[in-house]
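In our numbering, the protein residues as written are -7 to 234. The structure appears below as structure tokens.
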Amino acid sequence: MNLLIGANFKMNKTGAELREYFGTFLSEYSCPSSVDLVIAPTIIGLVLASELAKDSCVHIGAQNMSSEISGAFTGETSPLSLREISCEYVILGHSERRTIFGETDELVNKKVKTALVHSIRPILCIGENLNEKEAGLTKDILRVQLEKWLSEIDNTTGIDIAYEPVWAIGTGKSATPEYVEEVHIFIREILGQRESRIIYGGSVTEVTAHELISKREVNGFLIGSAVLDPRRLIKIVEEATR
Ligand code: PGA
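The following block contains the structure:
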């Protein structure tokens, strides 16, 4: 199974900045065959990113997607439009979508199903918040999230699971490698026969990548802050594959 390394740009980078980023990245990245590298720019940056990544080893991902295909859904993005521009992945269930934009369990589940129907690979983000962690509820929370968000989905081969503890996102405080390993083993147990990559997200950097990836059941990363610099993304891939 290839490692999955996802770069979530969040609401960063204009078109001009994307051009500069891809210019540097594509001229210096060595494209290791053991890595599926996904760049997820803003929705408006997707068309340009898709053009810039054409004929390269870089895959393009969206940060969000509608659960519907077409119709009166102001401000939403259809999976059909994503397919049209060769967008192969979509990040779903991200904690920022859930906490800031109020996405519900039902909506996340519906989006996952819609993505699968349209052959867009969901990167499904699960994770506990700080209160839940401190109350010792991490595993219960993850179990419920997986049950609800994968409800009525038997085959998860086309889905990647990102374990992103909310308290580690954008805080500079990554979970420890031991903690990540314990949780990933737990997630693997819940998934049972269902095949999915399990990747970790939450303040991953070029300094922490190697140790984290050496832990059991860590199949890659989803990264925000550190990958806004193309050379740091290259370094993270190097550290993950050495
Ligand atoms: P971070 O973001 O690397 O800045 O913690 C990760 C994410 O939100 O996916």
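Every residue gets a Cβ at the ideal spot worked out from N, C-alpha and C, and that includes glycine. Everything numeric in this text was worked out from a predicted model, so none of it was measured.
Consult DSSP for residue i and reduce its assignment to one of helix, strand or coil.
i	result
P169	helix
P71	helix
H176	helix
N4	coil
L(-5)	strand
A54	strand
R234	coil
Y21	coil
S59	coil
A127	coil
F87	One point to set straight first is that residue 87 is Ser, not Phe, in the sequence displayed. Correct three-state label for S87: helix.
F65	coil
F93	coil
T149	coil
E144	coil
Which residues mark the beginning and the end of the beta strand (DSSP E) in which residue i is found?
i	result
A235	Examination of residue 235 is not possible in this model, given that the chain is present from -7 through 234 alone.
L29	V27 to A32
On the DSSP bridge list, what partners appear for residue i?
i	result
P114	V82
Would you say the beta carbon of residue i is closer than 7 Å to some non-hydrogen atom of the ligand PGA?
i	result
E156	yes
G150	no
S195	yes
S217	yes
Can you find a heavy atom of the ligand ATP that lies under 7 Å from the Cβ of residue i?
i	result
N0	With respect to the ligand ATP, the structure shown offers nothing to examine, as its ligands consist of the ligand PGA.
I'd like the span of the alpha helix (DSSP H) that includes residue i, first residue to last.
i	result
D97	D97 to V109
E39	Sequence check: residue 39 is Val here, not Glu. Its alpha helix (DSSP H) spans residues L38 to A45.
* Asked: Can you list the beta strand (DSSP E) stretches of 3 or more residues lying completely in the region 186 to 216, in chain order?
  -> 190 to 193 and 212 to 215
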